[in-house]
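Last residue of the sequence shown: 450 in numbering that gives the first Met the number 0, with the numbers rising by one and none dropped.
Here a beta-carbon is modelled for each residue, glycine too, at the ideal position from N, C-alpha and C.
Below you'll find the structure, written out as structure tokens, and then a few comments.
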Amino acid sequence: MKIPRIVIAGATSGVGKTSITCSIIHSLQKEGYSVQPFKVGPDYIDPSYLSSVSKKETYNLDVWLMGKNHLLDSFVLNSNSNISVIEGVMGYYDGFGGDTNYASTHHVASITKSPVILVLDASKTSRSIAATALGFIKFHRNSGIVGIILNKIGSKKHELLCKSALEKTKIPIIGIIPKNPELNLESRHLGLISTLDDKSLKTKIQRISKIISQYVDVQQIIKISKSATPLEKKPKPIAKKTKTTIAVALDTSFNFYYQDNLKALQREGANLKFFSPVEDREIPKCDGLYIGGGFPEILGSSLEKNQIMKKTIKKLSEDNLPIYAECGGLMYLTKSILSNTKKHKMVGIFDAETKMTKKMRLNYTKGRICQKNLISEKLHNFQGHEFHYSQLDSVSNDSKFAYTLEIGEGIKKHQDGMIEYNTLASYGHLYFDSSNYAKIFVKNCLEYSRR
């Protein structure tokens, strides 16, 4: 199966991968190509940037969460556009550990057999840029790197120095982007700011994409993408007949969802209805509730003021409606969120309080489901990830947990997955297709609807 594709990788984090990837998507669209974006790693924010330019949902590619086979299946099945563009994560070879490529951008590029364009920050260097480029190409015998984009070039003289240094390496230069503070994207918390948080960001991203696109060789990018090795065609999963409804929280506070997770629920027969815990006064008529991650502390005041929504969710939980929540969703279901000196009352399903901290907790997680719950009928090992700037205080001693962690912090003493009534909430994020999570969740929703 022929899938034109490229990976945009970086030497390190912060080299401008997201801005440049957006500009490449814009350039390809200007040439008349439709583009399907992908993002390496457990990231929710960068994908919103890629989606805002491509006008298509971005899919995550993470080996730790998905496994090699599921990752390749997802990539092939969702590559329905003229060209697929994959944005890398961190540095090209940065993955699970310092002694392995596992879960790195290079690992994903190898699995998908994709040609790679490496973005280098050329500021504060000239001839040494060639040493950096050669180092990345020769560090692994199958680097897959077929071109270089130089970012933050200070002047015409600087450009000539870098080009001269790279000439003997015979590495094609695909783009030379001048240093310009106006091309920088703001950051917050764990990455960039979600486009859902600030509508003006969409306008800014479009503007930055147009500016940078002038400095990349789109024809060379098209040529590289079409040189990619064919991949084996994957059979499309057969969707089950719609049989239940799950309400999904989606607004500026809750918008961290893997598209594959939402599709998995739909494939298992769930009709998804979206609502806003910030703006709406009612939850759509449903048999289950899914509250994803996000930044509920940012709009803590608005969430607190929506008393009707909070009372409704708590009452539904007490009535044993299946409710699944991750990270920001967990925070929302505790008694309160304390950010700086302001405390905002939340839903109060769980006897605990959320406190924002300055410490970032960012981990891949590995553990065992030690108690049956609304997404798992069997006890088994699992892999996921967590990232947050909060912790739960005053956690009741009689709290029930579904997960024990070998890797990761969780909620308390390496335990995660709090259970109350038929509600399950965790700091950890799971990939539904790595087990029967979607199938079991939909089954429990269906059973609730038949009560």
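For residue i and residue j, I'd like the C-alpha separation in whole angstroms.
{"i": "L159", "j": "F74", "result": "38 Å"}
{"i": "M308", "j": "I7", "result": "42 Å"}
{"i": "I237", "j": "N183", "result": "43 Å"}
{"i": "K442", "j": "E352", "result": "31 Å"}
{"i": "I116", "j": "I152", "result": "17 Å"}
{"i": "P295", "j": "D250", "result": "10 Å"}
{"i": "K1", "j": "Y32", "result": "15 Å"}
{"i": "H25", "j": "Y289", "result": "33 Å"}
{"i": "L361", "j": "L391", "result": "16 Å"}
{"i": "G143", "j": "D432", "result": "28 Å"}
{"i": "G94", "j": "Q306", "result": "43 Å"}
{"i": "P177", "j": "S154", "result": "7 Å"}
{"i": "H387", "j": "Y256", "result": "15 Å"}
{"i": "G292", "j": "E419", "result": "19 Å"}
{"i": "L298", "j": "D279", "result": "14 Å"}
{"i": "F440", "j": "V215", "result": "46 Å"}
{"i": "A263", "j": "K235", "result": "12 Å"}
{"i": "H413", "j": "S252", "result": "26 Å"}
{"i": "R367", "j": "M355", "result": "27 Å"}
{"i": "L149", "j": "L133", "result": "14 Å"}
{"i": "D397", "j": "M417", "result": "11 Å"}
{"i": "K156", "j": "N79", "result": "43 Å"}
{"i": "D61", "j": "S338", "result": "31 Å"}
{"i": "G13", "j": "V88", "result": "10 Å"}
{"i": "S275", "j": "V247", "result": "9 Å"}
{"i": "S109", "j": "S448", "result": "45 Å"}
{"i": "Y43", "j": "N179", "result": "26 Å"}
{"i": "Y436", "j": "C444", "result": "12 Å"}
Ends of the beta strand (DSSP E) at residue i?
{"i": "S109", "result": "No beta strand (DSSP E) holds S109; the alpha helix (DSSP H) holding it covers T104 to I110."}
{"i": "Q390", "result": "N380 to D392"}
{"i": "H25", "result": "Taken as a continuous stretch (DSSP letters only), H25 belongs to no beta strand (DSSP E), being part of the alpha helix (DSSP H) at K16 to K29."}
{"i": "G416", "result": "Q414 to E419"}
{"i": "A424", "result": "T422 to S425"}
{"i": "Y323", "result": "I322 to E325"}
Could you please give the first and the last residue of the uninterrupted alpha helix (DSSP H) stretch that includes residue i?
{"i": "V217", "result": "V217 to K225"}
{"i": "D45", "result": "D45 to S53"}
{"i": "H69", "result": "V62 to N77"}
{"i": "F440", "result": "Y436 to S448"}
{"i": "D259", "result": "Q258 to R266"}
{"i": "L159", "result": "K155 to E166"}
{"i": "K341", "result": "Taken as a continuous stretch (DSSP letters only), K341 belongs to no alpha helix (DSSP H), being part of the beta strand (DSSP E) at K341 to K344."}
{"i": "G299", "result": "G299 to K304"}
Rank the options by C-alpha distance to the C-alpha of residue i and give the top, closest one.
{"i": "I5", "options": "N100, D279 and V107", "result": "V107"}
{"i": "S434", "options": "V39, K225 and H379", "result": "H379"}
{"i": "Y363", "options": "G409, T202 and N141", "result": "G409"}
{"i": "Q218", "options": "Q205, Y58, F386 and I173", "result": "I173"}
{"i": "L27", "options": "K1, T124 and K225", "result": "K225"}
{"i": "L332", "options": "L60, K358 and K310", "result": "K310"}
{"i": "L450", "options": "P321, M89 and K123", "result": "The question names Leu, yet the displayed sequence has Arg at residue 450. Ranking P321, M89 and K123 by Cα distance to R450 puts P321 first."}
{"i": "I147", "options": "K169, L230 and Y388", "result": "K169"}
{"i": "I221", "options": "D72, L423, E30 and Y436", "result": "E30"}
{"i": "Q258", "options": "P41, G13, D93 and I23", "result": "P41"}
{"i": "H105", "options": "G90, S208, T202 and N179", "result": "G90"}
{"i": "A129", "options": "I282, I312, L165 and M417", "result": "L165"}
{"i": "S393", "options": "K438, Y447 and I336", "result": "I336"}
{"i": "S113", "options": "T228, I207, H157 and V52", "result": "T228"}
{"i": "H343", "options": "S301, Q382 and K284", "result": "S301"}
{"i": "G461", "options": "I175, K201 and I312", "result": "In the structure displayed, the chain extends from 0 to 450; residue 461 sits before or after that span and is not available."}
{"i": "K233", "options": "F381, N77, D61 and L200", "result": "N77"}
{"i": "E385", "options": "I23, S395, M359 and N372", "result": "M359"}
{"i": "I204", "options": "I406, F400, I23 and K411", "result": "I23"}
{"i": "E181", "options": "V277, E405 and L200", "result": "L200"}
{"i": "K357", "options": "K399, I211, S389 and G407", "result": "S389"}
Based on DSSP bridge pairs, tell me the residues matched to residue i.
{"i": "K120", "result": "Before going on, a small fix: residue 120 reads as Asp here, not Lys. Its beta-bridge partners are N150."}
{"i": "K137", "result": "Per DSSP, none; premise fails for K137."}
{"i": "L404", "result": "G366"}
{"i": "P36", "result": "V84"}
{"i": "G174", "result": "I148 and V215"}
{"i": "S335", "result": "K344"}
{"i": "M355", "result": "S389"}
{"i": "A248", "result": "F274 and I290"}
{"i": "S375", "result": "N372"}
{"i": "G518", "result": "Because the chain spans 0 through 450 in this model, residue 518 falls outside it and cannot be assessed."}
{"i": "L361", "result": "F386"}
Using only the heavy atoms of the ligand SAH, determine whether one of them is closer than 6 Å to the beta carbon of residue i.
{"i": "C369", "result": "With respect to the ligand SAH, the structure shown offers nothing to examine, as it has no ligands at all."}
ask   = Does the region 306-319 come close enough to the region 337-355 that 3 or more CB-CB pairs lie under 8 Å?
value = yes
inquiry  = So, does the region 422-429 touch the region 319-326, judging by three or more C-beta pairs under 8 Å?
reply    = yes
inquiry  = Can you confirm whether the region 61-74 touches the region 17-24 when touching is taken to mean that 3 or more C-beta pairs between the two stretches lie within less than 8 Å?
reply    = no
query = So does the region 90-103 actually touch the region 132-152, counting three or more Cβ pairs closer than 8 Å?
reply = yes
task = Would you be able to state if there are at least three C-beta pairs under 8 Å between the region 82-89 and the region 30-48?
result = yes
request  = Could you say if the region 46-65 and the region 123-131 meet the contact criterion of at least three C-beta pairs nearer than 8 Å?
outcome  = no
inquiry  = Check whether the region 264-273 and the region 239-246 are in contact - that is, three or more C-beta pairs closer than 8 Å.
reply    = yes
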